[in-house]
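Protein chains: 2
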Amino acid sequence: MSLRFALLGLLNERPCSGYDLTRRFEEGIGAYAWHAQHSQIYPELKKLLADDLIRVAEEGARGRKTYAITDQGADLLREWLLQRPTTAGVRNEYVLRLFLLPALPPADAEQVLHKTIEFAEEQITLLTGELDEIARVHGDTVGNGAMAAQYGLRVYRATIDWAHWAIARLADGEHGADGLAGLEQ
Amino acid sequence: MSLRFALLGLLNERPCSGYDLTRRFEEGIGAYAWHAQHSQIYPELKKLLADDLIRVAEEGARGRKTYAITDQGADLLREWLLQRPTTAGVRNEYVLRLFLLPALPPADAEQVLHKTIEFAEEQITLLTGELDEIARVHGDTVGNGAMAAQYGLRVYRATIDWAHWAIARLADGEHGADGLAGLEQ
DNA sequence: GTGACCATGTAACGAGTTACATGATTAA
DNA sequence: TTAATCATGTAACTCGTTACATGGTCAC
Chain U
56 MSLRFALLGL
66 LNERPCSGYD
76 LTRRFEEGIG
86 AYAWHAQHSQ
96 IYPELKKLLA
106 DDLIRVAEEG
116 ARGRKTYAIT
126 DQGADLLREW
136 LLQRPTTAGV
146 RNEYVLRLFL
156 LPALPPADAE
166 QVLHKTIEFA
176 EEQITLLTGE
186 LDEIARVHGD
196 TVGNGAMAAQ
206 YGLRVYRATI
216 DWAHWAIARL
226 ADGEHGADGL
236 AGLEQ
Chain C
56 MSLRFALLGL
66 LNERPCSGYD
76 LTRRFEEGIG
86 AYAWHAQHSQ
96 IYPELKKLLA
106 DDLIRVAEEG
116 ARGRKTYAIT
126 DQGADLLREW
136 LLQRPTTAGV
146 RNEYVLRLFL
156 LPALPPADAE
166 QVLHKTIEFA
176 EEQITLLTGE
186 LDEIARVHGD
196 TVGNGAMAAQ
206 YGLRVYRATI
216 DWAHWAIARL
226 ADGEHGADGL
236 AGLEQ
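Residue numbers (this note's numbering), protein chains in the order written: chain U, 56 to 240; chain C, 56 to 240.
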């Protein structure tokens with residue numbers, strides 16, 4: 056069901072073709088919020104069209120169809136956004152790995168934590184670049200993905216903070232540790 | 056594929072029946088990392104069994120089967136955990152909502168942000184309670200979900216920080232705003 | 001003309017949800 | 001005896017992935 060709202064959300068910003076939407080899923084939204092490929096996007100656009108949530112605004116060369124959100128679609132999107140935040144039904148592989156980290160011997164866990172810090176630092180560099188770009192191109196500090204980028208920035212900073220804490224805890228337990236047993240207390 | 060590793064990870068901590076695993080997915084791992092129901096867990100356990108990644112350790116009353124991870128399963132789990140962290144293929148409805156928030160009129164967006172703060176505060180209370188419980192029962196500050204809980208704590212603090220920033224930005228733009236237009240530089 | 005990119009589609013398969021279905025054990 | 005809980009399963013459906021498939025346009 057979320058793909059439907061991801062598409063409505065993108066079309067709410069501006070009309071797009073299936074191809075455009077596929078490209079946009081390769082950017083911020085696809086990297087941090089919801090991933091989708093063209094093979095899923097095209098059939099879903101047909102369903103949205105059948106439900107009158109979007110309409111064909113323009114037909115161009117090479118069979119290109121530009122879709123725009125309808126009033127009905129915009130209403131449904133806003134209704135969905137106003138629902139209370141929840142993490143029900145979460146499926147986050149990144150967090151799952153962190154969750155299961157204690158299954159590794161401490162030295163290996165520490166290595167993964169270092170790679171986690173590296174990864175988070177790279178993401179922060181990327182997001183900082185995106186924020187500069189948004190400010191430069193759109194003169195905007197809220198819309199056009201800026202709010203999401205600011206969120207990502209803070210989450211990755213929190214991740215780095217956590218990883219440093221975890222490495223320190225692992226080090227505490229390392230003298231005489233056999234697996235996790237030495238880490239307890 | 057991740058369900059497979061979630062199950063291996065849980066069985067790596069201790070042997071469990073399908074029923075036990077279903078219960079455990081209602082706790083931390085299911086709330087913050089990976090969600091699954093019994094109708095998916097039982098078939099997946101059969102596949103893991105067929106692949107010799109787990110074994111039946113014990114059969115009890117009411118058809119209960121207790122599964123334990125095999126050496127092969129533990130090796131595969133560790134190999135998966137050692138892969139470089141990535142957010143490829145992310146599907147996070149919670150973040151998707153935050154991403155699309157600028158689709159709402161500022162007053163509505165602000166309301167959602169307040170609800171986001173409330174929700175994050177509740178999660179922090181829950182996680183703090185869980186950390187106390189883990190320390191009390193297991194005398195542990197790293198394993199048994201403690202590392203994951205510490206991560207959650209930091210992510211929710213970051214969320215609250217972000218939401219306050221976002222509310223302030225919205226307020227900045229509100230004098231004379233029509234939709235997002237008034238927010239742009 | 002040919003390679004890069006624009007643009008859309010479908011088929012087969014695997015992952016995940018909802019609902020249905022069954023029966024054993026235990027405590028009140 | 002009956003309600004709660006333990007315990008496992010399957011069928012039909014929707015969602016998502018991988019791979020296959022086709023053809024148009026444009027710059028060199």
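Cβ atoms here follow ideal geometry from the backbone N, Cα and C, with glycine treated the same way.
Taking a cut of 7 Å between CB atoms, which residues from the stretch 80-114 of chain U lie near chain C? Ile84, Ala86, Tyr87, Ala88, Trp89 and His90
Apart from the five residues just before and just after Ala201/C, which ones in its own chain have a Cβ nearer than 7 Å to its Cβ? Leu186, Ile189 and Asp195
Whole angstroms is fine: what's the gap from Ala223/U's alpha carbon to Ala213/U's? 16 Å
Quick one, are the C-beta atoms of Ala112/C and Pro70/C less than 8 Å apart? yes
My guess is that Ile215/U and Ala158/U are in contact by the Cβ rule of under 8 Å, so how many angstroms apart are they, rounded? Actually they do not touch by this definition, with Cβ atoms about 22 Å apart.
List the endpoints of the continuous alpha helix (DSSP H) containing Arg209/C. Ala201 to Gly228
Near Asp107/U, what residues of its chain come up, given a Cβ to Cβ distance below 7 Å and the 5 sequence neighbours on each side ignored? Thr125 and Gln127
Does the stretch 128-147 of chain U come within contact of the stretch 85-100 of chain U, defined as at least 3 CB pairs closer than 8 Å? no
Can you name the residues that DSSP bridges to Val150/C? None, per the DSSP bridge assignment.
Could you please give the first and the last residue of the uninterrupted alpha helix (DSSP H) stretch that includes Thr180/C? Pro161 to His193
Per-residue DSSP class, three states only, for Glu68/U: helix
Leu156/U at chain C interface by Cβ criterion, 8 Å: yes
Same chain only: Cβ atoms within 8 Å of Leu100/U, ignoring 5 sequence neighbours per side: Leu62, Gly73, Leu76, Ile109 and Tyr122
Taking Cβ positions only, does Asp187/U come closer than 8 Å to chain C? no
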